[in-house]
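Numbering (the numbering used here), first residue to last: 253 to 534.
Glycine is no exception: its CB is placed at the ideal position from the N, C-alpha and C atoms.
Small disclaimer: the values here were computed from a predicted structure and weren't measured.
See below for the structure under consideration.
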């Protein structure tokens, strides 16, 4: 596996792969890789000739007081996992390589980023979109793989690629879960044993909400209330939001109809966890 730390070397390697007739798969990450990331890398390796994994803890998506400095890192473990999953190139740029000057240009996918995560973390998705736009520009024509756990992020990246005419196909991949339903996340490392035992309530509440929709509930307020109340009833959970939206636009729908996503976020001690489930309202 080739390892690069500069934009120039990464571009050169991926341009060479395409010049040789190969297709490129891109898996952007912030490192501390887990089996969820592994599933993205393995799918990219299965579908593309050359797979590039990026590891960049992006300061633009952390607000003051968030966990940038404490964000878990394990570069040696990440490199081993990426190579074992079929990665051909690992791009690990330092901050000064990605942001050589103070960043004056950012990417804001307005309506899609304004609610849900955008309320609690108003600069987060702008930071994500800006860094991913740079990675798309560096990588060139490719398929880019993202997990559905961060569903709003996936929607933002898809719309950004469309609006800015990037030659990139954005591929959403299913959430990977622990046996008790907890979505895999690097931030799960922050959970104490008691918080880890409580955290699956997030997924369980979403599943109950989806079952209510499948059974005929068509009032979004009722679904929000059901999911939110179940999460809030867990003493170690501090509910941030519970919402049900159109899966394509993230807009509110009333009455509920079509392909929907129920999303929720809550804090368990230091860890702020998010999750979502799909449901179809016939």
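From the DSSP output, in three-state form, read off residue i for me.
i, result
"residue 388", "helix"
"residue 442", "helix"
"residue 395", "strand"
"residue 421", "strand"
"residue 415", "helix"
"residue 433", "coil"
"residue 476", "helix"
"residue 285", "coil"
"residue 255", "strand"
"residue 459", "helix"
"residue 267", "helix"
"residue 408", "helix"
"residue 303", "strand"
"residue 467", "coil"
"residue 451", "coil"
Check whether the Cβ of residue i lies closer than 9 Å to any Cβ atom in chain B.
i, result
"residue 504", "Given the protein chain composition of this structure (a single chain), no chain B is represented."
Just confirm the distance between the C-beta atoms of residue i and residue j, as a whole number of angstroms; I'd bet it's less than 8 Å.
i, j, result
"residue 352", "residue 342", "The pair is not a contact, with the Cβ atoms about 21 Å apart (cut-off 8 Å)."
"residue 293", "residue 338", "6 Å"
"residue 385", "residue 416", "7 Å"
"residue 278", "residue 304", "5 Å"
"residue 442", "residue 516", "No, residue 442 and residue 516 are not in contact; Cβ-Cβ is about 18 Å, not under 8 Å."
"residue 531", "residue 462", "4 Å"
"residue 356", "residue 290", "Not confirmed; about 36 Å, so no contact."
Can you list, in chain order, the residues of its chain with a C-beta nearer than 6 Å to that of residue i? Leave out the 5 residues immediately preceding and following it.
i, result
"residue 302", "269, 274, 276 and 340"
"residue 438", "284 and 324"
"residue 282", "309"
"residue 505", "498"
"residue 259", "390"
Just to confirm my understanding: we take residue i, look at its own chain, exclude 5 residues before and 5 after, and list those with CB closer than 8 Å. What are they?
i, result
"residue 474", "464"
"residue 320", "309, 311 and 314"
Leaving out the 5 sequence neighbours to the left and right, which residues in its chain are closer than 7 Å to residue i when beta-carbon positions are compared?
i, result
"residue 491", "480, 483, 484 and 518"
"residue 533", "465, 470, 508, 509, 510 and 512"
"residue 520", "443, 447, 450, 451, 488 and 489"
"residue 503", "497"
"residue 399", "288, 292, 425 and 427"
"residue 458", "479, 514, 516, 527, 528 and 529"
"residue 494", "476, 479, 480, 483 and 516"
Stretch pair the segment 358-370 + the segment 401-412: three plus CB contacts closer than 8 Å: Three or more beta-carbon pairs drawn from the segment 358-370 and the segment 401-412 are found closer than 8 Å, and the two stretches are therefore classed as touching.
Stretch-stretch touch, CB-based, cutoff 8 Å, three pairs: the segment 382-399 with the segment 418-434: yes
Cβ contact check for the segment 445-454 and the segment 504-514: 3 or more pairs under 8 Å: no
Any beta strand (DSSP E) of 3 or more consecutive residues that is wholly inside the segment 481-523: 490-498 and 510-520
Contact the segment 374-383 vs the segment 310-318: 3+ CB pairs below 8 Å: yes
Alpha helix (DSSP H) segments (min. 4 residues) lying fully within the segment 306-393: 327-336, 347-350, 362-366, 369-372 and 376-391
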